[in-house]
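Protein sequence lines correspond, in order, to chains A and B.
First residue of the first sequence: 70, per my numbering; consecutive thereafter.
First residue of the second sequence: 70, per my numbering; consecutive thereafter.
Written out below as structure tokens is the structure these notes cover.
There are 2 protein chains.
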Amino acid sequence: MLIHVHNRPADAAPITRADWDRACGRLEVPCELSVGTDPAAFLAVASRLEVLVASPVGLRELLPLQTPQLRLVFVTWAGLDRLAPFDWLPPGVTLLNNSGAQALKAAEYVLMGLLMIINGMPALAHAQREARWVTAVGRTLAGRRLLVVGLGAIGGATATLAQRMGLRVTGVRTTPRPHPACEAVVGLDALDAALAATDYVALALPHSASTHHLLDLRRMSLLPAHAGIVNVGRGATIDETALCDLLDAGRLGGAVLDVFETEPLPPGHRAWTTPNLVVTPHMSADDPDTVIDATVGILVDNLNARQRGAPLPNEFDVARGTRVRS
Amino acid sequence: MLIHVHNRPADAAPITRADWDRACGRLEVPCELSVGTDPAAFLAVASRLEVLVASPVGLRELLPLQTPQLRLVFVTWAGLDRLAPFDWLPPGVTLLNNSGAQALKAAEYVLMGLLMIINGMPALAHAQREARWVTAVGRTLAGRRLLVVGLGAIGGATATLAQRMGLRVTGVRTTPRPHPACEAVVGLDALDAALAATDYVALALPHSASTHHLLDLRRMSLLPAHAGIVNVGRGATIDETALCDLLDAGRLGGAVLDVFETEPLPPGHRAWTTPNLVVTPHMSADDPDTVIDATVGILVDNLNARQRGAPLPNEFDVARGTRVRS
Numbered sequence: 070m071l072i073h074v075h076n077r078p079a080d081a082a083p084i085t086r087a088d089w090d091r092a093c094g095r096l097e098v099p100c101e102l103s104v105g106t107d108p109a110a111f112l113a114v115a116s117r118l119e120v121l122v123a124s125p126v127g128l129r130e131l132l133p134l135q136t137p138q139l140r141l142v143f144v145t146w147a148g149l150d151r152l153a154p155f156d157w158l159p160p161g162v163t164l165l166n167n168s169g170a171q172a173l174k175a176a177e178y179v180l181m182g183l184l185m186i187i188n189g190m191p192a193l194a195h196a197q198r199e200a201r202w203v204t205a206v207g208r209t210l211a212g213r214r215l216l217v218v219g220l221g222a223i224g225g226a227t228a229t230l231a232q233r234m235g236l237r238v239t240g241v242r243t244t245p246r247p248h249p250a251c252e253a254v255v256g257l258d259a260l261d262a263a264l265a266a267t268d269y270v271a272l273a274l275p276h277s278a279s280t281h282h283l284l285d286l287r288r289m290s291l292l293p294a295h296a297g298i299v300n301v302g303r304g305a306t307i308d309e310t311a312l313c314d315l316l317d318a319g320r321l322g323g324a325v326l327d328v329f330e331t332e333p334l335p336p337g338h339r340a341w342t343t344p345n346l347v348v349t350p351h352m353s354a355d356d357p358d359t360v361i362d363a364t365v366g367i368l369v370d371n372l373n374a375r376q377r378g379a380p381l382p383n384e385f386d387v388a389r390g391t392r393v394r395s
Numbered sequence: 070m071l072i073h074v075h076n077r078p079a080d081a082a083p084i085t086r087a088d089w090d091r092a093c094g095r096l097e098v099p100c101e102l103s104v105g106t107d108p109a110a111f112l113a114v115a116s117r118l119e120v121l122v123a124s125p126v127g128l129r130e131l132l133p134l135q136t137p138q139l140r141l142v143f144v145t146w147a148g149l150d151r152l153a154p155f156d157w158l159p160p161g162v163t164l165l166n167n168s169g170a171q172a173l174k175a176a177e178y179v180l181m182g183l184l185m186i187i188n189g190m191p192a193l194a195h196a197q198r199e200a201r202w203v204t205a206v207g208r209t210l211a212g213r214r215l216l217v218v219g220l221g222a223i224g225g226a227t228a229t230l231a232q233r234m235g236l237r238v239t240g241v242r243t244t245p246r247p248h249p250a251c252e253a254v255v256g257l258d259a260l261d262a263a264l265a266a267t268d269y270v271a272l273a274l275p276h277s278a279s280t281h282h283l284l285d286l287r288r289m290s291l292l293p294a295h296a297g298i299v300n301v302g303r304g305a306t307i308d309e310t311a312l313c314d315l316l317d318a319g320r321l322g323g324a325v326l327d328v329f330e331t332e333p334l335p336p337g338h339r340a341w342t343t344p345n346l347v348v349t350p351h352m353s354a355d356d357p358d359t360v361i362d363a364t365v366g367i368l369v370d371n372l373n374a375r376q377r378g379a380p381l382p383n384e385f386d387v388a389r390g391t392r393v394r395s
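The structure is reproduced here in structure tokens:
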């Protein structure tokens, strides 16, 4: 089986042959590996290529080329909204993402965000800039209620870490089956009631028509005034204008956002200066020390599953914009 | 047994009779309670007083008064360095602190600090102020090494939470007996080697002659360049000038300090503006929602222990500046 890894020329973290060699001892099917950064390298193997590994950047431009043997496209990101619509995917080819590779890092970021909100860190950072020693009050996170919206790899890891920290976790997902770290898991139809009964919300959702502005003004207004929101999924799942309005009015405790409708966040955007809003530049999920090994490991897992005729854990559902099995 | 609670007139969180009533069902000894905010109230019960409950503020001024029955002084703080030297304590009277009441809150603050350092939050806060979308890299905290210096109530809770988050924890305490959340516990004589072999340091020490500037320039220089320090004990256990020098020189990854040699931290102090240094105004430990109930609960535990003739868990060792049994 010929696997071609197409790295971007400027990729800060390309997948190298050495990365592959560290993982391929676990492979249950003989593979030949090709690695390249330009379309010529892709063209050289296109006629025999069975598995293509690539980031979403430039992928759409590669695939009109003739690839008669291609069966799998493994994308080295988790959120593939950038590739929609998926009309570029040749018929009969299965799309996979690397969901899982970022889960622990992103879950830790969510916990950091919750702790920063409950300790009032945005206001304390402001006081530090002005060299003001203020009277400040933080509270204990353990025992508070957390709603994790989206229980994929990142949401699931978030629920697990939060439970270990003593939070009481409720999950929200399309199909509300139980999760070991959640006291309850409810469907999207129960989201309104769940928002009214929580202290914190962690958003770990892909962006699709059904998640666009899922947290809008009406829904965020259901939250208690001390509530906090952390978003590590996709920016457009929150109505940013409504969120900034609520924070400006003191009707929410705080928010920590790593993702935005427009990235990079434009210099004049009000999110930069909204009180009690922490902005980070889409860095919550990737740990450069671990993401490549984790990604290659997930690829190997999926190739082994395919060899055994088992369902592919990372098969991507282009209609729902998330994994088939999440 | 007569217990008098002496609240400060301006105390934001006094212990009220209602607070006491919630806890006293667990008491194994009949008690009479008196509550007051001025010396006159104290004087009215001084001749019969057996247990005095007070914050350190103003305590020294009360005790020259005649209290022939006094056996216990329970101070509603954990760090009692403000009361040293302890020559004001009448002979035969046992001093107790409320160690334990702040442990979980402070442990959560330490975790927040570690997550902020490993995610580079000070630099990202700076970028947010300038509305700059930067290329940023965070890393995963799980799997890193944490040295908890001081394994009292706060240090112990910190070790426990950190272990639950997947950190590999080593403890440092005067008497190096094992702790369930620590892979190893070493004595102060092994501190230098432990600093060279860790990624992060959490300081949870009282201040005394033996802990003054425990982290000095030489010891902090043993840490790797990516290392981070969080201090929730007492400020003077770190040489602040040396810490700021190391951060200025980029020889440490970051620090989060909630305590300082001089509090309030003076407006012109360089800590306010040192890069990668987060300053908070001594708020890491107290949760106003829980500290009173926790404090009264600890008082009840100690009164019950005394009634049974058992060692008092919160007995304070004035020579070591910490609990006898920590």
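A virtual CB, placed ideally from N, CA and C, is assigned to each residue, including glycine.
Under the Cβ criterion (8 Å, minimum of three pairs), the region 162 to 170 of chain B does not count as touching the region 318 to 326 of chain B. Counted as a single uninterrupted DSSP element, the alpha helix (DSSP H) harbouring A:His195 occupies residues Met190 to Arg198. In this structure, B:Ala266 is the residue among B:Ala266, B:Ala259, B:Thr391 and B:Asp107 with its C-alpha nearest to the C-alpha of B:Arg237. Counting only the Cα atoms, B:Trp341 lies some 36 Å from B:Trp157. Neighbourhood of B:Arg208 in chain A, by CB distance below 7 Å: Asp356 and Asp358, in chain order. In the structure shown, B:Ala271 falls within a strand segment according to DSSP collapsed to helix, strand and coil. Residues of the region 165 to 179 of chain A that bring their beta carbon within less than 7 Å of a beta carbon in chain B comprise Leu173, Lys174, Glu177 and Tyr178, in sequence order.
For the region 134 to 159 of chain B, the full-length beta strand (DSSP E) segments reaching 3 residues or more read 141 to 144 along the chain.
At a cut-off of 8 Å between beta-carbon atoms, A:Ser124 makes no contact with chain B.
Secondary structure note for A:Glu101: its beta strand (DSSP E) is the uninterrupted segment Glu101 to Gly105. In summary, the residues of the region 202 to 231 of chain A whose CB is separated from some CB of chain B by less than 8 Å are Trp202, Val203, Thr204, Ala205, Val206, Gly207, Arg208, Thr209, Leu210, Ala211 and Leu230, in the order they occur in the chain.
The beta carbon of B:Pro108 sits closer than 7 Å to those of Leu131, all from its chain and outside the five residues before and after it, given in chain order. Short of 8 Å from the beta carbon of B:Ser290, and not among the five residues preceding or following it, lie these beta carbons of its own chain, in chain order: Leu315 and Arg320. Counted as a single uninterrupted DSSP element, the beta strand (DSSP E) harbouring A:Val218 occupies residues Arg214 to Val218.
Three or more Cβ pairs closer than 8 Å define a contact, and the region 270 to 277 of chain B meets that threshold against the region 213 to 226 of chain B. Contact between B:Pro336 and B:Pro350 is ruled out by a C-beta separation of about 13 Å, above the 8 Å threshold. Beta-bridge partners assigned by DSSP to B:Thr163: B:Leu141. Interface residue (Cβ-Cβ distance to chain A less than 8 Å): B:Ala194 is classified as such. A:Pro247 is not a Cβ neighbour of A:Val255, given a cutoff of 8 Å. In the pairwise beta carbon analysis, the region 99 to 116 of chain A is classified as touching the region 81 to 90 of chain A: at least three pairs are separated by under 8 Å. Under the 8 Å criterion on CB atoms, B:Ala79 is classed as non-interfacial with respect to chain A.
Boundaries of the beta strand (DSSP E) around B:Thr239: Arg237 to Val241.
Across the set A:Pro380, A:Asn373 and A:Phe385, the C-alpha of A:Asn373 shows the shortest separation from the C-alpha of A:Gly94. The continuous alpha helix (DSSP H) containing B:Ile223 extends over residues Ala222 to Arg233. For B:Asn188, a Cβ of chain A is located within less than 8 Å of the residue's own Cβ. At a cut-off of 8 Å, the C-beta of B:Leu334 has a neighbouring C-beta in chain A.
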